[in-house]
Every structure is written in structure tokens, then in C-alpha cells.
Amino acid sequence: MTPEERQETERRAERCVRRGELSEALALYRALAAAFPEDSALQQKLEAITGSLQPAELLNPKANFVREEVELKNAPSTPEQEGERLFALGDYAGAAAAYRRAMEKKPESTLIRERLEELYRLARAAPRHSPTDSALPADPAAMLSALLDRIAARRRA
4 MTPEERQETE
14 RRAERCVRRG
24 ELSEALALYR
34 ALAAAFPEDS
44 ALQQKLEAIT
54 GSLQPAELLN
64 PKANFVREEV
74 ELKNAPSTPE
84 QEGERLFALG
94 DYAGAAAAYR
104 RAMEKKPEST
114 LIRERLEELY
124 RLARAAPRHS
134 PTDSALPADP
144 AAMLSALLDR
154 IAARRRA
């Protein structure tokens, strides 16, 4: 593991801890500890996370790390929730717009800033067309959800 890879892995693990994604953070810290067994700081971080997880979560952390599907709501209560919902739909441009609105309200938030950076990286690699640009479904409930997704994706601050 190169020093750059190590730094990136440590940043990802710390971000996971801040987000509460402890199972993924544990997996990342275990990989770091295996690559650098002499690093006592990594061992301490690994022990701290291990102590905060339930025994069942420790058995298979990768199996427990599943990105949850965000429930579709008519109107997210915060820009962060709207960003998460659009991110789950794969609409990175819409999610980035929502997070930019969130940054206007909370400019000191490092978590929102990190999420925006992550979205910019994903948006560059993603297809140009948003999944919310597809044809509308025939089912009325699904059509309503699709229309709400389109509105949310294009809403400007």
C-alpha cells in the first residue's frame, strides 16, 4: 500500500466513523492494520471502533454494511436529506445541488463538504443523463414519485 493509498484509506475510514458507518470503518481500519501492523495509532482506532460495535456486527462487518435505500418522501425536510435521497437514486447532479444549498446554511460543515467532493468525483465518472430523465412509469404512484424526483433534481436554490 502506497503512502497516498494509506492516506486515502484513513480519510475514508474517518469519514465513515463521522457518518456512523462503523462496520465499513472497521473493515477499512482492519485492512490498514493488516498492512501496517507496527502502527499503534491504527491499533488504538481499531480497538475503539471494535468496542463500539455489537458482537453480531463484529462477525461479518462487510455483510452488515449495506447502503440503505432512502425512503421516497414527498418533500425532504432538509437539503441534506434531499441530497441523500437523490444520491440513492443515482442523480448525482441533483444531489450536488441539494448539498450546495445545505452548504449555504451550514458553511462550516466538513461532512457536507466531503459529501460534495465525493459527489463531484462520482458525477465525473457517471453517465451524462440522470436516471430521473427516463420515461415516466404507467403506475400512478410510481409516476408521482418519478415526477417528484424530477422536480427535486432540477430545483434551484
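All residue numbers for the sequence shown refer to our numbering, where the first residue is 4 and numbers rise by one. We treat Cβ as the ideally placed atom computed from N, Cα and C, and that holds for glycine.
Sequence-distant residues of the same chain with beta carbon closer than 8 Å to residue i, five excluded per side
{"i": "R9", "result": "L35, A38, F39"}
{"i": "L125", "result": "Y95"}
{"i": "D42", "result": "L35, A36"}
Reduced DSSP secondary structure (H/G/I, E/B, other) of residue i
{"i": "L119", "result": "helix"}
{"i": "E7", "result": "helix"}
{"i": "G86", "result": "helix"}
{"i": "R93", "result": "With the sequence shown as reference, residue 93 is identified as Gly, and Arg is not the correct amino acid for it. Looking at G93 - three-state DSSP - the assignment turns out to be coil, as it is neither helix nor strand."}
{"i": "G23", "result": "coil"}
{"i": "E107", "result": "helix"}
{"i": "A138", "result": "coil"}
Residue environment, residue i, which counts as buried when at least 16 other CB atoms sit within 10 Å
{"i": "I52", "result": "buried"}
{"i": "D152", "result": "buried"}
{"i": "Y123", "result": "exposed"}
{"i": "R14", "result": "exposed"}
{"i": "A144", "result": "exposed"}
{"i": "G86", "result": "buried"}
{"i": "A149", "result": "buried"}
{"i": "L139", "result": "exposed"}
Closest residue to residue i among the options (Cα-Cα distance)
{"i": "A30", "options": "S112, R116, L56", "result": "L56"}
{"i": "E120", "options": "A98, I154, A138, Q47", "result": "A98"}
{"i": "R22", "options": "A141, E117, S148, P140", "result": "E117"}
{"i": "F90", "options": "A155, E41, E24, A138", "result": "A155"}
{"i": "R127", "options": "A138, G93, L150", "result": "G93"}
{"i": "E17", "options": "E7, A138, Y32, T5", "result": "Y32"}
Sequence-distant residues of its chain with Cβ nearer than 7 Å to residue i (five each side left out)
{"i": "K109", "result": "I115"}
{"i": "Q46", "result": "A36"}
Residues of its chain near residue i, where Cβ-Cβ distance is below 6 Å and the 5 sequence neighbours each way are ignored
{"i": "C19", "result": "E27, A28"}
{"i": "P82", "result": "A101, R104, A105"}
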